[in-house]
Structure formats: C-alpha cells, structure tokens
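Q:
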Amino acid sequence: MKTAFISGISGQDGAYLAQLLLDKGYKVIGGDRRTASGSLWRLEKLNIMNEVEIVDFELAEFTNIMRILEKNDIQEFYNLAAQSFVGASFEMPIMTADITGVSVLRILESIRKINPKIKFYQASTSEMFGKVRETPQNELTPFYPRSPYGISKLFAHWMTINYRESYNLFACSGILFNHESPLRGDEFVTKKVTMGLSKIKLGKQEILELGNLDAKRDWGFAGDYVKAMWLMLQQQNADDYVIATGETHSVKDFINLTAKQIGINLVWEGEKEKIVGIDKEKNKIIIKVNEKFYRPSEVDFLLGDSIKARKILGWEPNVTFEELVGLMTKADYDKLSKE
Ligand code: NAP
Ligand code: G4F
Numbered sequence: 227m228k229t230a231f232i233s234g235i236s237g238q239d240g241a242y243l244a245q246l247l248l249d250k251g252y253k254v255i256g257g258d259r260r261t262a263s264g265s266l267w268r269l270e271k272l273n274i275m276n277e278v279e280i281v282d283f284e285l286a287e288f289t290n291i292m293r294i295l296e297k298n299d300i301q302e303f304y305n306l307a308a309q310s311f312v313g314a315s316f317e318m319p320i321m322t323a324d325i326t327g328v329s330v331l332r333i334l335e336s337i338r339k340i341n342p343k344i345k346f347y348q349a350s351t352s353e354m355f356g357k358v359r360e361t362p363q364n365e366l367t368p369f370y371p372r373s374p375y376g377i378s379k380l381f382a383h384w385m386t387i388n389y390r391e392s393y394n395l396f397a398c399s400g401i402l403f404n405h406e407s408p409l410r411g412d413e414f415v416t417k418k419v420t421m422g423l424s425k426i427k428l429g430k431q432e433i434l435e436l437g438n439l440d441a442k443r444d445w446g447f448a449g450d451y452v453k454a455m456w457l458m459l460q461q462q463n464a465d466d467y468v469i470a471t472g473e474t475h476s477v478k479d480f481i482n483l484t485a486k487q488i489g490i491n492l493v494w495e496g497e498k499e500k501i502v503g504i505d506k507e508k509n510k511i512i513i514k515v516n517e518k519f520y521r522p523s524e525v526d527f528l529l530g531d532s533i534k535a536r537k538i539l540g541w542e543p544n545v546t547f548e549e550l551v552g553l554m555t556k557a558d559y560d561k562l563s564k565e
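Counting in the working numbering, the sequence shown tops out at residue 565, every number present.
#1: Residues in its own chain within less than 6 angstroms of G496 by CB, not counting five upstream and five downstream?
#2: Note down the Cα distance separating T229 from K297, rounded to an integer number of angstroms.
#3: For L539, count neighbouring Cβ atoms within 10 angstroms of its own Cβ and tell me buried if that reaches 16, exposed if not.
#4: Opposite N305 in the DSSP bridges: which residues?
#5: How would you write the range of the beta strand (DSSP E) that V493 sits in, first residue to last?
#6: Let me confirm a value: M458 is counted as buried when at least 16 other C-beta atoms fall within 10 Å, else exposed. Which label applies?
#7: Is S440 helix, strand or coil when you go by DSSP?
#8: Could you pull out every unbroken beta strand (DSSP E) segment of at least 3 residues lying fully inside the region 349-406, listed in chain order?
#9: Label S233 either buried or exposed according to how many other C-beta atoms from any shown protein chain fall within 10 Å of its C-beta, with 16 as the threshold for buried.
#10: Throw me the rounded Cβ distance for the G437 and V515 pair, which I believe falls under 8 angstroms.
#11: Roughly how many whole angstroms lie between the Cα atoms of F316 and K253?
#12: Please say whether A441 and V525 have beta carbons closer to each other than 8 angstroms?
#13: Is D239 close to the ligand NAP? I mean its beta-carbon at under 7 angstroms from any heavy atom of the ligand.
#14: Measuring CB to CB, does G552 end up less than 8 angstroms from Y242?
#15: Can you tell me the Cα-Cα spacing of S350 and P368, whole angstroms?
#16: Would you please state the rounded distance, in angstroms, between the beta carbons of K345 and E302? I believe it to be under 8 angstroms.
#17: Please say whether S352 and M554 have beta carbons closer to each other than 8 angstroms?
#18: Whole-angstrom Cβ separation of I469 and S523, contact assumed at under 8 angstroms?
#19: Could you check which residue in R410, K417 and Q460 has the C-alpha nearest to that of C398?
#20: Using a Cβ-Cβ cut-off of 6 angstroms (strictly less than) and excluding sequence neighbours within five positions of D282, which residues of its own chain qualify?
#21: Leaving out the 5 sequence neighbours to the left and right, which residues in its chain are closer than 6 angstroms to E413 when beta-carbon positions are compared?
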C-alpha cells in the first residue's frame with residue numbers, strides 16, 4: 227500500500243484527490259492547518275472523513291513540514307495548499323508570497339534533506355500566463371503573471387523545476403487551468419454565480435454583484451483534473467504538464483448558462499461597468515457590476531493546450547462546460563431549496 231500526503235486536504239482539490247487515491251488503495255494522510263472553526267466539510271460531503279488520517283500542517287512552519295516527513299513513510303507528496311484566491315493576493319501580497327511561493331521551497335528542501343525518494347507534485351496554475359503571450363497556452367508559452375498570486379506560483383514553479391534539475395528529485399508541476407465543482411470555494415466567480423442565481427430564483431436574494439464579466443477562462447471539472455495530478459507521479463520521468471479543456475468562455479457566458487439551466491429569462495442592458503442583467507419575466511435587475519470586485523490588474527483571457535498531457539499521460543477531461551455548470555447549479559439549487 228502506497229502512502230500519499232496531501233497538503234490542503236480541506237480544499238476543493240484536496241477532497242477530490244483524497245477520494246481518487248483512496249479508491250486506488252492508497253493510505254492518505256491529509257495536512258490541515260489549525261483553525262478555530264475546523265474546515266473538513268468537503269471530506270464529509272464525499273463520505274471519506276473517516277478514511278483519511280488528518281495531521282496538523284502549516285505551510286509557514288518549516289519544522290512542522292520536516293517532522294511530518296520524518297514521522298511518515300510517504301511515497302507521494304501532493305502540495306495543494308496555498309493562499310489560492312487571486313483577488314485576496316492584492317490585499318495580502320507578502321503573506322501570499324510566503325505561503326503560496328516560499329513555502330514550496332520549505333517542502334522541497336525538507337524532501338531533499340529527509341527523503342529524496344518522495345515524488346512531489348506542485349499545484350502550478352494558468353495564472354502564471356497572465357497577460358498571455360500566445361494562444362493557446364502550452365508548456366513552452368512564456369509567463370507573464372498579473373497578480374501577487376501568479377508571481378508567487380511562478381516562484382514555486384521554477385523552484386520545483388530547479389530542485390528536479392539540481393538534485394534529481396522526482397518533482398512535477400501541473401499547470402492547471404481553472405477547475406470548478408460543487409465543492410468550489412464561495413469566493414470564486416463560478417460558485418458565486420451558481421449560488422447567487424439559485425438564491426435569486428428561490429427568492430432568498432435580490433441582486434448579485436460581480437466584477438469583470440468579460441474575463442474569459444478555460445473552465446474544467448476538478449474531479450477530472452485531480453486524475454492528471456496522480457498520472458504525473460506515475461510516469462517514468464518527472465515533467466511539467468498543462469491541464470486544460472481547450473475551450474474558453476466568458477464570465478457572462480457562465481452566467482447565461484446558469485440562468486438558462488435554472489429557468490431565469492436573463493437579458494442584458496448597457497455596457498461595461500453600467501451593464502445590468504434583467505430578469506425579463508419580473509422586469510427586475512438581478513445582476514449588477516460592482517467595481518470593488520475588479521482587480522488592479524486582470525487576466526483577461528486564458529485558453530489551454532493540453533496536447534502533451536493527452537499524449538503522454540493519456541489524460542482527457544470527461545465533463546463538458548455545460549455539464550459543469552449543470553452540476554454546480556443543481557447542487558446549489560437543491561441545497562438552498564432545502565434550507
Ligand atoms: P482551495 O480550495 O482554496 O484550497 C486551498 C487549501 O490550502 C485549503 O485546504 C487551505 O486550508 C490550505 N491552506 C491555505 N493556507 C494554508 C497554510 N498557511 N497552511 C496550510 N494549508 C493552507 O484551492 P483548490 O481550488 O483546491 O486548489 C488547490 C491548489 O491548486 C492551490 O494551490 C491552488 O492555488 C492551485 N490551483 C487551483 C486551480 C483551480 O482552478 N482550482 C487552478 C490552478 C491551480 P483552509 O481550508 O484551512 O483554508
Ligand atoms: O473565479 P476567479 O476568482 O478565479 P481566477 O482568478 O481565475 O483564479 C482561479 O483560477 C486560477 C487558475 O487560472 C487558480 F490558480 C486560482 O487559484 C483560482 O482557483 O475569477 C475568474 C474571473 C476573473 O477574471 C475575475 O476578475 O472572474 C472575474 N470575476 C468577475 N466577477 C470575478 C467576479 N471573480 C470573483 N472571484 N468574484 C467576482 O465577483
């Protein structure tokens with residue numbers, strides 16, 4: 227039985243990856259940081275809470291990371307923990323640089339010192355492409371990050387490559403484009419939309435305020451993406467891979483599809499920050515732009531080319547954009563209608 231350690235087990239990807247590894251017969255140890263409220267609801271939702279061993283884990287604490295590696299015979303280390311919200315990284319750039327960036331060096335150095343046989347996965351991101359230099363974006367596309375988050379992830383990305391090349395660690399970086407699910411955090415735009423429109427449909431909310439509706443993303447399903455993480459660590463050689471669907475949609479497209487699936491006849495009036503979404507049947511404004519959700523510098527467009535992963539890993543996404551919106555909308559609508 228292999229033992230895998232997942233940092234960030236309480237997050238969206240941590241939960242899906244834990245489920246995948248348990249299904250494959252792994253012993254799963256999950257790193258969870260100490261919070262007053264506890265935050266393992268996603269493991270409960272997937273019914274795997276009692277199947278994983280939870281240990282205290284803090285990215286800022288070098289000694290904690292070292293002790294975990296000393297105490298446990300780990301074969302695969304998936305580093306999913308991070309300050310992962312781009313918006314917050316502008317408010318907390320130094321914390322983001324330390325937690326999302328420098329911490330990866332703490333982990334790599336611990337692996338190098340304590341057990342260099344551990345295979346390491348780093349959660350890199352399409353945010354590193356930022357102001358895109360070419361379209362679609364692949365492993366060779368130059369990076370141009372646009373946020374403290376993207377810059378911190380780029381540091382971590384290059385450190386992962388550097389430890390592979392300098393010390394021969396089996397260290398892989400998955401450059402994952404946006405991936406969502408019913409377990410997505412409430413602050414991300416997809417969840418905000420599926421939850422907000424569900425509440426509006428159920429008469430529990432009047433209006434949904436959002437930021438830049440024209441931004442385009444390559445959105446996939448998190449359950450598909452964690453399979454790619456596992457596949458990367460099963461290869462003969464460590465390498466980096468772009469994971470994406472190869473389709474891009476705007477935030478407005480996402481809203482339109484959610485409204486359609488939920489049965490709201492949505493029409494748009496106005497432009498840019500003055501644009502409003504109107505429920506045609508009720509003749510009522512239900513979506514407005516609030517500039518407080520704009521970012522100081524935005525990533526306008528992302529579209530991934532995952533041919534390398536498809537050829538070498540045999541990976542492909544199974545859930546379409548329409549299905550993804552459907553999954554998230556149904557989950558939120560069903561949950562809210564019972565409350
Ligand atoms: P998520 O839901 O926000 O999960 C982040 C995890 O990191 C949570 O478990 C969080 O714990 C933990 N964490 C935050 N700060 C920590 C600290 N100081 N010490 C220990 N743990 C800490 O993110 P996700 O969507 O699952 O994404 C997983 C990883 O992939 C992240 O690194 C993210 O940046 C990256 N990524 C995500 C996407 C995407 O579209 N989802 C795309 C590319 C890359 P709490 O529960 O205590 O907050
Ligand atoms: O949902 P978002 O916050 O995701 P973003 O910034 O693309 O980051 C996510 O994907 C990255 C992969 O590319 C991950 F690395 C990262 O950890 C995270 O999972 O925003 C998506 C787009 C942005 O352009 C944003 O400006 O939606 C726009 N948006 C418009 N209104 C909004 C809102 N974003 C949020 N969060 N909230 C809004 O009200």
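Beta carbons are placed, not taken as given, at the ideal position from N, Cα and C, and that holds for glycine. Everything numeric in this text was worked out from a predicted model, so none of it was measured.
A: Quick answer:
#1: As a first step, residue 496 is located in the sequence shown; it is residue number 270 there, counting from the start. Excluding positions up to five away in sequence, the list reads V502.
#2: In the sequence shown, the residue the question calls residue 229 occupies position 3. In the sequence shown, the residue the question calls residue 297 occupies position 71. Approximately 12 angstroms, taken between the alpha carbons.
#3: Locating residue 539 in the sequence shown gives position 313, counting from the first residue. With 16 or more Cβ atoms within 10 Å of its Cβ, L539 is classed as buried.
#4: Against the sequence shown, residue 305 aligns to sequence position 79. Its beta-bridge partners are S233 and Q348.
#5: The residue you call residue 493 lines up with position 267 of the sequence shown. Its beta strand (DSSP E) spans residues L492 to E495.
#6: Within the sequence shown, numbered from 1, the residue matching residue 458 stands at position 232. By the 10 Å Cβ count, M458 comes out buried.
#7: Position 214 of the sequence shown holds residue 440. For the record, residue 440 in the displayed sequence is Asp; it is not Ser. Three-state DSSP puts D440 in coil, outside helix and strand.
#8: 397-402
#9: The residue labelled residue 233 in the question sits at position 7 within the sequence shown. By the 10 Å Cβ count, S233 comes out buried.
#10: On the sequence shown, position 211 is the one that residue 437 refers to. On the sequence shown, position 289 is the one that residue 515 refers to. Yes, G437 and V515 are in contact; Cβ-Cβ is about 7 angstroms, under 8 angstroms.
#11: Translated into positions along the sequence shown, residue 316 becomes position 90. Translated into positions along the sequence shown, residue 253 becomes position 27. Rounded to the nearest angstrom, the two C-alpha atoms are 37 angstroms apart.
#12: Position 299 of the sequence shown, counting from 1, holds the residue named residue 525. Position 215 of the sequence shown, counting from 1, holds the residue named residue 441. Closer than 8 angstroms, so yes.
#13: Here residue 239 corresponds to residue number 13 of the sequence shown, with the count starting at 1. Yes, the ligand NAP has a heavy atom inside 7 angstroms of this Cβ.
#14: Along the sequence shown, one-based indexing puts residue 552 at 326. Along the sequence shown, one-based indexing puts residue 242 at 16. No, the pair does not count as a contact, with Cβ atoms beyond the cut-off.
#15: Working through the sequence shown from its first residue, we reach residue 350 at position 124. Working through the sequence shown from its first residue, we reach residue 368 at position 142. For S350 and P368, the distance between alpha carbons rounds to 14 angstroms.
#16: Translated into the one-based positions of the sequence shown, residue 345 becomes position 119. Translated into the one-based positions of the sequence shown, residue 302 becomes position 76. Between E302 and K345 the Cβ distance is about 5 angstroms, and since that is below 8 angstroms, they are a contact.
#17: The count along the sequence shown starts at 1 and reaches residue 554 at position 328. The count along the sequence shown starts at 1 and reaches residue 352 at position 126. For M554 and S352, no; Cβs fall outside 8 angstroms.
#18: Within the sequence shown, the letter at position 243 stands for residue 469. Within the sequence shown, the letter at position 297 stands for residue 523. Contact doesn't hold; Cβ gap of about 24 angstroms is too wide.
#19: Taking the first residue of the sequence shown as position 1, residue 398 is located at position 172. Closest option to C398, Cα to Cα, is Q460.
#20: Locating residue 282 in the sequence shown gives position 56, where the first residue counts as 1. Around D282: R260.
#21: Translated into positions along the sequence shown, residue 413 becomes position 187. Closer than 6 angstroms at the Cβ level, and outside the excluded window around E413, lie F311.
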